[in-house]
Amino acid sequence: MGKMPGIQLLQVWDRMALIDKLQVITQLFEVQKTWLSARFEKIGSLYYDTRMMSKRAWQTRATCLPTTTERKQILFEIRPKSLQEPSIWDYYQTVLQREIDATKNVPRLPKQMVVLCAPTLYLPTREKNLAALESCAHVARYALPSDPLICASHLWHNDLHDEKIFVDPMNHTRITGIIDWQSTQAGTLFENTSDPGILDYDGPGIESLEKPTLFQNYKELFGTEKAAEIQLYYSKSLLVAYRRLTQRNPSFKKTSEFQASTAFDILKLSRRIFEVGEAHVQALSDPAAVQQAGEPASPPSFSESDLQRIESDAEAADAGIQATDEIRRRLGEYWPEKGAVQAQHYDETKRLLKQIKEELVHELALDPEGRTVFEQFRPFDE
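Once you know that position 248 of the sequence shown is 248 in the UniProt record's numbering, the rest is easy, because the numbers rise by one and skip nothing.
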(Lines of atoms letter the chains of each structure in order from A and count residues from 1; the text may use other names and numbers.)
(Lines give C-alpha, C1' and ligand atoms only; values in the text may rest on other atoms or scores of the structure.)
Protein backbone atom coordinates (compact mmCIF):
# COMPACT_ATOMS: atom_id res chain seq x y z
CA MET A 1 0.00 0.00 0.00
CA GLY A 2 1.45 3.35 -1.04
CA LYS A 3 1.72 6.42 1.14
CA MET A 4 -0.98 9.04 0.63
CA PRO A 5 0.56 12.32 -0.59
CA GLY A 6 -0.10 15.50 1.37
CA ILE A 7 -1.00 16.15 5.00
CA GLN A 8 -4.09 15.34 7.03
CA LEU A 9 -6.75 18.01 6.82
CA LEU A 10 -6.97 17.59 10.60
CA GLN A 11 -3.71 19.53 10.95
CA VAL A 12 -5.02 22.70 9.31
CA TRP A 13 -8.84 22.59 9.31
CA ASP A 14 -9.39 24.61 12.49
CA ARG A 15 -7.11 27.40 11.23
CA MET A 16 -8.64 27.69 7.77
CA ALA A 17 -10.84 30.62 6.77
CA LEU A 18 -14.51 29.93 6.07
CA ILE A 19 -14.08 30.66 2.35
CA ASP A 20 -11.27 28.08 2.16
CA LYS A 21 -13.37 25.49 3.97
CA LEU A 22 -16.11 26.10 1.41
CA GLN A 23 -13.65 25.22 -1.35
CA VAL A 24 -12.80 21.96 0.41
CA ILE A 25 -16.42 20.85 0.82
CA THR A 26 -17.13 21.81 -2.80
CA GLN A 27 -14.32 19.45 -3.82
CA LEU A 28 -15.79 16.74 -1.59
CA PHE A 29 -19.09 17.15 -3.38
CA GLU A 30 -17.34 16.73 -6.75
CA VAL A 31 -15.60 13.61 -5.43
CA GLN A 32 -18.96 12.17 -4.36
CA LYS A 33 -20.39 12.92 -7.79
CA THR A 34 -17.56 10.80 -9.20
CA TRP A 35 -18.56 7.92 -6.92
CA LEU A 36 -22.12 8.42 -8.07
CA SER A 37 -21.08 7.94 -11.69
CA ALA A 38 -20.03 4.31 -11.07
CA ARG A 39 -22.83 1.80 -10.44
CA PHE A 40 -22.53 -1.79 -9.26
CA GLU A 41 -24.89 -4.61 -10.07
CA LYS A 42 -24.78 -6.07 -6.57
CA ILE A 43 -24.65 -5.06 -2.90
CA GLY A 44 -21.78 -5.98 -0.60
CA SER A 45 -18.04 -5.90 -0.07
CA LEU A 46 -15.62 -6.08 -2.97
CA TYR A 47 -13.29 -9.04 -3.50
CA TYR A 48 -10.74 -10.18 -6.06
CA ASP A 49 -12.08 -13.04 -8.18
CA THR A 50 -9.29 -15.30 -6.97
CA ARG A 51 -10.47 -14.93 -3.36
CA MET A 52 -14.06 -15.95 -4.00
CA MET A 53 -15.19 -19.52 -3.27
CA SER A 54 -16.79 -19.65 -6.69
CA LYS A 55 -18.61 -17.38 -9.10
CA ARG A 56 -21.74 -19.46 -8.55
CA ALA A 57 -21.62 -18.72 -4.81
CA TRP A 58 -21.37 -15.01 -5.58
CA GLN A 59 -24.32 -15.15 -7.92
CA THR A 60 -26.74 -17.21 -5.84
CA ARG A 61 -26.09 -16.51 -2.21
CA ALA A 62 -26.12 -13.59 0.19
CA THR A 63 -23.69 -14.13 3.06
CA CYS A 64 -23.69 -11.98 6.19
CA LEU A 65 -20.60 -12.45 8.32
CA PRO A 66 -20.54 -11.85 12.09
CA THR A 67 -20.20 -8.19 13.05
CA THR A 68 -19.55 -8.44 16.81
CA THR A 69 -17.28 -10.54 18.99
CA GLU A 70 -20.24 -12.49 20.37
CA ARG A 71 -21.18 -13.62 16.86
CA LYS A 72 -17.84 -15.11 15.84
CA GLN A 73 -19.00 -18.67 16.39
CA ILE A 74 -22.17 -18.20 14.33
CA LEU A 75 -22.06 -18.41 10.52
CA PHE A 76 -24.90 -16.65 8.77
CA GLU A 77 -25.54 -17.78 5.23
CA ILE A 78 -29.00 -17.25 3.80
CA ARG A 79 -30.02 -18.06 0.26
CA PRO A 80 -32.60 -15.91 -1.53
CA LYS A 81 -36.04 -17.50 -1.53
CA SER A 82 -36.15 -17.60 -5.34
CA LEU A 83 -33.73 -18.38 -8.15
CA GLN A 84 -34.04 -14.84 -9.48
CA GLU A 85 -31.36 -12.18 -9.04
CA PRO A 86 -31.31 -11.14 -5.35
CA SER A 87 -33.21 -7.90 -4.74
CA ILE A 88 -32.80 -5.15 -2.16
CA TRP A 89 -35.52 -6.85 -0.17
CA ASP A 90 -33.53 -10.12 -0.24
CA TYR A 91 -30.55 -8.20 1.13
CA TYR A 92 -32.56 -6.61 3.94
CA GLN A 93 -34.26 -9.91 4.71
CA THR A 94 -30.84 -11.52 5.04
CA VAL A 95 -29.55 -8.79 7.36
CA LEU A 96 -32.64 -8.92 9.57
CA GLN A 97 -32.51 -12.71 9.73
CA ARG A 98 -28.87 -12.45 10.82
CA GLU A 99 -29.88 -10.12 13.66
CA ILE A 100 -32.74 -12.42 14.69
CA ASP A 101 -30.49 -15.51 14.69
CA ALA A 102 -27.80 -13.66 16.64
CA THR A 103 -30.32 -12.48 19.22
CA LYS A 104 -31.55 -16.04 19.70
CA ASN A 105 -28.12 -17.68 19.88
CA VAL A 106 -25.43 -15.39 21.33
CA PRO A 107 -24.77 -16.17 25.01
CA ARG A 108 -24.86 -12.48 25.95
CA LEU A 109 -26.37 -9.52 24.12
CA PRO A 110 -23.98 -6.62 23.41
CA LYS A 111 -24.02 -3.75 25.88
CA GLN A 112 -25.51 -0.52 24.58
CA MET A 113 -23.37 2.62 24.27
CA VAL A 114 -26.23 4.97 23.43
CA VAL A 115 -28.80 4.13 26.12
CA LEU A 116 -27.80 4.03 29.78
CA CYS A 117 -29.63 1.02 31.24
CA ALA A 118 -30.76 0.67 34.84
CA PRO A 119 -33.76 -0.69 36.78
CA THR A 120 -35.08 2.86 37.20
CA LEU A 121 -34.48 3.70 33.51
CA TYR A 122 -34.76 1.02 30.83
CA LEU A 123 -33.63 -2.60 30.75
CA PRO A 124 -33.32 -4.47 27.42
CA THR A 125 -34.24 -8.14 27.18
CA ARG A 126 -33.75 -10.82 24.56
CA GLU A 127 -37.53 -11.06 24.16
CA LYS A 128 -37.88 -7.33 23.49
CA ASN A 129 -35.03 -7.47 20.97
CA LEU A 130 -36.70 -10.31 19.10
CA ALA A 131 -40.09 -8.61 19.13
CA ALA A 132 -38.62 -5.43 17.66
CA LEU A 133 -36.67 -7.29 14.96
CA GLU A 134 -39.66 -9.40 13.96
CA SER A 135 -41.81 -6.26 13.69
CA CYS A 136 -39.16 -4.68 11.47
CA ALA A 137 -38.98 -7.79 9.30
CA HIS A 138 -42.74 -7.46 8.84
CA VAL A 139 -42.71 -3.82 7.71
CA ALA A 140 -39.28 -3.38 6.09
CA ARG A 141 -40.50 -4.57 2.67
CA TYR A 142 -43.01 -1.72 2.60
CA ALA A 143 -40.51 0.85 3.84
CA LEU A 144 -38.01 0.22 1.02
CA PRO A 145 -38.01 2.93 -1.68
CA SER A 146 -38.72 2.07 -5.30
CA ASP A 147 -36.93 4.96 -7.02
CA PRO A 148 -34.07 3.44 -9.09
CA LEU A 149 -31.90 6.52 -8.56
CA ILE A 150 -31.59 6.02 -4.81
CA CYS A 151 -31.74 2.21 -4.94
CA ALA A 152 -28.70 2.00 -7.22
CA SER A 153 -25.57 0.43 -5.70
CA HIS A 154 -22.49 2.65 -5.36
CA LEU A 155 -19.11 2.42 -3.64
CA TRP A 156 -19.15 5.04 -0.88
CA HIS A 157 -16.99 6.35 1.97
CA ASN A 158 -19.25 7.04 4.96
CA ASP A 159 -16.62 8.35 7.39
CA LEU A 160 -15.26 11.53 5.84
CA HIS A 161 -13.69 13.19 8.88
CA ASP A 162 -10.70 15.50 8.74
CA GLU A 163 -8.24 12.76 9.72
CA LYS A 164 -9.29 10.70 6.66
CA ILE A 165 -8.86 13.52 4.13
CA PHE A 166 -5.42 14.60 2.85
CA VAL A 167 -4.64 18.00 1.31
CA ASP A 168 -1.74 19.69 -0.45
CA PRO A 169 0.64 21.09 2.23
CA MET A 170 1.19 24.17 0.04
CA ASN A 171 -2.48 24.62 -0.85
CA HIS A 172 -4.81 23.43 1.89
CA THR A 173 -7.87 23.84 -0.31
CA ARG A 174 -6.75 21.08 -2.71
CA ILE A 175 -7.64 17.52 -1.70
CA THR A 176 -4.94 14.99 -2.59
CA GLY A 177 -6.62 11.82 -1.36
CA ILE A 178 -8.88 9.98 1.07
CA ILE A 179 -7.81 7.02 3.22
CA ASP A 180 -9.51 4.19 5.17
CA TRP A 181 -11.48 2.46 2.44
CA GLN A 182 -11.10 -1.01 3.95
CA SER A 183 -14.56 -1.04 5.54
CA THR A 184 -16.45 0.41 2.58
CA GLN A 185 -18.85 -1.57 0.42
CA ALA A 186 -21.05 -1.19 -2.61
CA GLY A 187 -24.46 -0.34 -1.21
CA THR A 188 -27.71 1.38 -2.06
CA LEU A 189 -27.40 5.15 -2.26
CA PHE A 190 -30.18 5.82 0.24
CA GLU A 191 -28.20 3.96 2.93
CA ASN A 192 -25.10 6.11 2.58
CA THR A 193 -24.24 9.08 4.77
CA SER A 194 -25.47 12.23 3.08
CA ASP A 195 -23.45 14.82 5.02
CA PRO A 196 -19.65 14.29 5.24
CA GLY A 197 -18.47 13.79 8.82
CA ILE A 198 -16.24 16.83 8.57
CA LEU A 199 -19.40 18.96 8.70
CA ASP A 200 -19.74 18.46 12.45
CA TYR A 201 -22.67 20.80 13.02
CA ASP A 202 -24.08 20.25 16.51
CA GLY A 203 -27.02 22.62 16.76
CA PRO A 204 -30.77 22.78 16.23
CA GLY A 205 -32.24 21.01 13.20
CA ILE A 206 -31.88 22.85 9.90
CA GLU A 207 -35.30 23.47 8.38
CA SER A 208 -34.27 25.98 5.70
CA LEU A 209 -31.35 26.27 3.30
CA GLU A 210 -31.37 30.06 3.51
CA LYS A 211 -28.06 31.69 4.41
CA PRO A 212 -27.61 31.40 8.21
CA THR A 213 -27.36 34.51 10.37
CA LEU A 214 -25.65 35.07 13.68
CA PHE A 215 -27.65 35.15 16.90
CA GLN A 216 -29.23 38.61 17.07
CA ASN A 217 -27.59 39.59 20.35
CA TYR A 218 -24.32 37.72 19.88
CA LYS A 219 -22.32 40.95 20.29
CA GLU A 220 -23.50 41.05 23.89
CA LEU A 221 -21.80 37.71 24.54
CA PHE A 222 -18.24 37.44 25.82
CA GLY A 223 -15.43 34.93 25.97
CA THR A 224 -16.24 31.28 25.41
CA GLU A 225 -19.97 31.92 24.88
CA LYS A 226 -19.27 34.30 22.01
CA ALA A 227 -16.66 31.97 20.49
CA ALA A 228 -19.10 29.05 20.69
CA GLU A 229 -21.85 31.06 18.97
CA ILE A 230 -19.54 32.07 16.14
CA GLN A 231 -18.29 28.48 15.74
CA LEU A 232 -21.89 27.24 15.56
CA TYR A 233 -22.63 29.84 12.88
CA TYR A 234 -19.61 28.75 10.82
CA SER A 235 -20.41 25.04 11.06
CA LYS A 236 -24.06 25.66 10.15
CA SER A 237 -23.00 27.82 7.19
CA LEU A 238 -20.80 25.02 5.85
CA LEU A 239 -23.53 22.41 6.22
CA VAL A 240 -26.13 24.63 4.54
CA ALA A 241 -23.70 25.36 1.70
CA TYR A 242 -23.07 21.64 1.20
CA ARG A 243 -26.77 20.78 1.22
CA ARG A 244 -27.48 23.52 -1.30
CA LEU A 245 -24.93 21.86 -3.58
CA THR A 246 -26.58 18.45 -3.18
CA GLN A 247 -30.00 19.87 -4.05
CA ARG A 248 -28.73 20.46 -7.59
CA ASN A 249 -28.22 16.73 -8.12
CA PRO A 250 -31.40 14.61 -8.52
CA SER A 251 -29.89 11.52 -6.87
CA PHE A 252 -28.64 13.42 -3.82
CA LYS A 253 -31.84 15.43 -3.57
CA LYS A 254 -34.09 12.36 -3.61
CA THR A 255 -31.79 10.60 -1.14
CA SER A 256 -31.96 13.46 1.36
CA GLU A 257 -35.76 13.56 1.03
CA PHE A 258 -36.07 9.83 1.69
CA GLN A 259 -33.66 9.99 4.62
CA ALA A 260 -35.99 12.51 6.28
CA SER A 261 -38.86 9.97 6.23
CA THR A 262 -40.20 7.53 8.82
CA ALA A 263 -39.58 4.72 6.33
CA PHE A 264 -35.84 5.41 6.38
CA ASP A 265 -35.81 5.57 10.19
CA ILE A 266 -37.34 2.09 10.31
CA LEU A 267 -34.76 0.68 7.88
CA LYS A 268 -31.82 2.40 9.57
CA LEU A 269 -32.69 1.54 13.16
CA SER A 270 -33.58 -2.07 12.33
CA ARG A 271 -29.91 -2.63 11.42
CA ARG A 272 -28.58 -0.87 14.53
CA ILE A 273 -30.75 -2.46 17.17
CA PHE A 274 -27.77 -3.57 19.28
CA GLU A 275 -26.40 -0.03 19.14
CA VAL A 276 -29.45 2.19 19.66
CA GLY A 277 -31.69 -0.30 21.45
CA GLU A 278 -34.93 -1.99 20.57
CA ALA A 279 -37.29 0.43 22.33
CA HIS A 280 -37.21 3.07 19.60
CA VAL A 281 -37.19 0.45 16.84
CA GLN A 282 -40.36 -1.08 18.28
CA ALA A 283 -41.97 2.36 18.64
CA LEU A 284 -41.45 2.99 14.93
CA SER A 285 -43.21 -0.28 14.10
CA ASP A 286 -46.56 0.67 15.61
CA PRO A 287 -49.43 1.07 13.11
CA ALA A 288 -49.33 4.88 13.08
CA ALA A 289 -45.63 4.98 12.18
CA VAL A 290 -46.00 2.15 9.68
CA GLN A 291 -48.78 4.03 7.92
CA GLN A 292 -46.40 6.96 7.39
CA ALA A 293 -43.82 4.56 5.99
CA GLY A 294 -46.01 3.23 3.21
CA GLU A 295 -49.26 1.71 4.44
CA PRO A 296 -48.59 -2.05 4.11
CA ALA A 297 -51.54 -4.33 3.57
CA SER A 298 -51.16 -5.98 6.98
CA PRO A 299 -49.25 -3.88 9.53
CA PRO A 300 -48.19 -5.45 12.84
CA SER A 301 -51.08 -5.88 15.25
CA PHE A 302 -50.57 -4.52 18.77
CA SER A 303 -53.00 -4.67 21.66
CA GLU A 304 -53.68 -1.59 23.76
CA SER A 305 -51.42 -2.95 26.50
CA ASP A 306 -48.66 -3.59 23.91
CA LEU A 307 -48.88 0.00 22.70
CA GLN A 308 -48.72 1.31 26.27
CA ARG A 309 -45.67 -0.83 26.99
CA ILE A 310 -43.97 0.29 23.76
CA GLU A 311 -44.60 3.94 24.61
CA SER A 312 -43.38 3.46 28.18
CA ASP A 313 -40.22 1.67 26.98
CA ALA A 314 -39.49 4.44 24.46
CA GLU A 315 -39.83 7.11 27.16
CA ALA A 316 -37.56 5.14 29.50
CA ALA A 317 -35.01 4.69 26.71
CA ASP A 318 -35.14 8.44 26.02
CA ALA A 319 -34.25 9.06 29.66
CA GLY A 320 -31.36 6.60 29.26
CA ILE A 321 -30.13 8.46 26.18
CA GLN A 322 -30.26 11.77 28.05
CA ALA A 323 -28.25 10.21 30.87
CA THR A 324 -25.63 9.00 28.38
CA ASP A 325 -25.49 12.47 26.79
CA GLU A 326 -24.88 13.97 30.23
CA ILE A 327 -22.01 11.53 30.83
CA ARG A 328 -20.58 12.43 27.42
CA ARG A 329 -20.82 16.14 28.25
CA ARG A 330 -19.10 15.70 31.60
CA LEU A 331 -16.29 13.60 30.16
CA GLY A 332 -15.65 15.99 27.27
CA GLU A 333 -12.46 14.96 25.47
CA TYR A 334 -12.22 11.86 27.67
CA TRP A 335 -15.40 10.32 26.26
CA PRO A 336 -14.52 6.84 24.87
CA GLU A 337 -15.75 7.29 21.31
CA LYS A 338 -16.80 3.92 19.86
CA GLY A 339 -15.59 2.30 23.08
CA ALA A 340 -11.96 3.41 22.64
CA VAL A 341 -9.96 6.02 24.53
CA GLN A 342 -6.60 7.60 23.75
CA ALA A 343 -3.71 5.98 25.62
CA GLN A 344 -2.68 9.21 27.35
CA HIS A 345 -6.24 9.67 28.66
CA TYR A 346 -6.75 6.11 29.87
CA ASP A 347 -6.10 6.55 33.61
CA GLU A 348 -8.01 9.83 33.87
CA THR A 349 -10.95 8.39 31.93
CA LYS A 350 -11.12 5.42 34.31
CA ARG A 351 -11.08 7.75 37.30
CA LEU A 352 -13.84 9.95 35.90
CA LEU A 353 -16.03 7.00 34.89
CA LYS A 354 -15.75 5.49 38.37
CA GLN A 355 -16.65 8.82 39.95
CA ILE A 356 -19.64 9.31 37.64
CA LYS A 357 -20.81 5.74 38.28
CA GLU A 358 -21.00 6.33 42.03
CA GLU A 359 -22.88 9.58 41.48
CA LEU A 360 -25.36 7.82 39.16
CA VAL A 361 -25.99 5.03 41.66
CA HIS A 362 -26.96 7.73 44.15
CA GLU A 363 -29.01 9.81 41.66
CA LEU A 364 -30.92 6.74 40.42
CA ALA A 365 -31.59 5.63 44.00
CA LEU A 366 -30.36 2.09 43.34
CA ASP A 367 -30.41 -0.51 46.09
CA PRO A 368 -27.68 -3.21 46.19
CA GLU A 369 -29.66 -5.46 43.84
CA GLY A 370 -30.34 -2.57 41.45
CA ARG A 371 -26.66 -1.61 41.52
CA THR A 372 -25.70 -5.14 40.48
CA VAL A 373 -28.08 -4.98 37.52
CA PHE A 374 -26.83 -1.48 36.62
CA GLU A 375 -23.20 -2.66 36.56
CA GLN A 376 -24.20 -5.71 34.50
CA PHE A 377 -25.57 -3.51 31.70
CA ARG A 378 -23.10 -0.64 32.06
CA PRO A 379 -20.77 -0.59 29.00
CA PHE A 380 -17.70 0.67 30.90
CA ASP A 381 -15.20 -1.24 33.03
CA GLU A 382 -12.87 0.47 35.46
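Using N, Cα and C, we set each Cβ at its ideal position, and we do this for glycine too.
| query | result |
| --- | --- |
| Only counting the same chain, and skipping five residues up and downstream in sequence, which positions put a Cβ closer than 7 angstroms to that of glycine 197? | Asp159, Leu160, His161 |
| Have a look at the DSSP bridge pairing and note the partners of alanine 137. | In the DSSP output, where bridge partners are listed per residue, alanine 137 has none listed. |
| So is glycine 187 buried or exposed if we call it buried at 16+ other beta carbons inside 10 Å? | buried |
| Kindly identify the DSSP beta-bridge partner or partners of leucine 155. | Ala186 |
| Please classify serine 305: is it buried, with 16 or more other beta-carbons within 10 angstroms of its beta-carbon, or exposed? | exposed |
| Helix, strand or coil for valine 341 per DSSP? | coil |
| Since serine 251 and leucine 36 are thought to touch, with beta carbons under 8 angstroms apart, how far apart are those beta carbons, to the nearest angstrom? | 6 angstroms |
| Can you give me the start and stop residues for the beta strand (DSSP E) that glycine 177 sits inside? | 171-178 |
| DSSP on glycine 6, reduced to helix/strand/coil? | coil |
| With distances taken from CA atoms, which of Pro212, Leu245, His154, Ala227 is nearest lysine 236? | Pro212 |
| Thinking C-alpha only, which one of Cys117, Gln11, Ser312 is nearest aspartate 325? | Cys117 |
| Please state if the CB of tyrosine 92 and the CB of alanine 316 are separated by a distance shorter than 8 angstroms. | no |
| If you reduce the DSSP assignment to three classes, tell me which class phenylalanine 374 lands in. | helix |
| Give a yes or no on contact between the stretch 371-378 and the stretch 337-351, applying the rule of three or more CB pairs nearer than 8 angstroms. | no |
| Looking at arginine 330 and isoleucine 356, is the spacing between their C-beta atoms short of 8 angstroms? | yes |
| With distances taken between CB atoms, is the gap from isoleucine 175 to lysine 254 smaller than 8 angstroms? | no |
| With a CB to CB cut of under 8 angstroms and the five nearest residues on each side skipped, what residues in its chain are close to leucine 155? | Trp35, Ala38, Phe40, Leu46, Thr184, Gln185, Ala186 |
| Would you give the residue range spanned by the alpha helix (DSSP H) that phenylalanine 252 belongs to? | 250-259 |
| For leucine 364 and threonine 120, which I take to be in contact (beta-carbon distance under 8 angstroms), what is that distance rounded to the nearest angstrom? | 5 angstroms |
| What residue range does the beta strand (DSSP E) around aspartate 101 cover? | From DSSP, aspartate 101 is part of no beta strand (DSSP E) but of the alpha helix (DSSP H) over 88-105. |
| Do leucine 144 and threonine 103 have their beta-carbon atoms positioned less than 8 angstroms apart in this structure? | no |
| If the criterion is Cβ atoms closer than 8 angstroms, does the pair valine 167 and glycine 6 meet it? | yes |
| Between the C-alpha atoms of leucine 245 and arginine 272, what's the straight-line distance to the nearest angstrom? | 29 angstroms |
| Any idea what DSSP makes of phenylalanine 40, helix, strand or coil? | strand |
| When burial is assigned at 16 or more other CB atoms within 10 Å of the CB, is lysine 164 buried or exposed? | buried |
| With a 10 Å radius around its C-beta and 16 neighbouring C-beta atoms as the bar for buried, classify histidine 362 as buried or exposed. | exposed |
| Just to confirm, are residue 462 and cysteine 136 a CB contact at a threshold of 8 angstroms? | Residue 462 is absent from the model: the chain starts at 1 and stops at 382. |
| Apart from the five residues on each side of it in sequence, which residues of its chain come closer than 8 angstroms, Cβ to Cβ, to alanine 319? | Leu121, Tyr122 |
| In whole angstroms, what separates the C-alpha of glutamine 8 from that of isoleucine 310? | 46 angstroms |
| Got a sec, what are the start and stop residues for the beta strand (DSSP E) isoleucine 165 sits in? | 165-168 |
| Determine the contact status of serine 153 and isoleucine 43, defining contact as a CB-CB distance below 8 angstroms. | yes |
| Grab me the residues of methionine 4's own chain with a C-beta within less than 6 angstroms of its C-beta, minus the 5 sequence neighbours each way, in chain order. | Phe166, Gly177, Ile179 |
| Given a cut-off of 8 angstroms on the beta-carbon distance, is the pair valine 12 and glutamate 275 in contact? | no |
| Could you give the distance in angstroms between the alpha-carbon of glutamate 229 and the alpha-carbon of aspartate 101? | 48 angstroms |
| Who are the near neighbours of histidine 280 in its chain, counting only those whose CB is closer than 7 angstroms to its CB and skipping five residues on each side? | Leu269, Ala314, Ala317 |
| With residue 450 as the anchor, note down where its alpha helix (DSSP H) starts and where it stops. | Limits of the chain in this structure are 1 at one end and 382 at the other, which puts residue 450 out of reach. |
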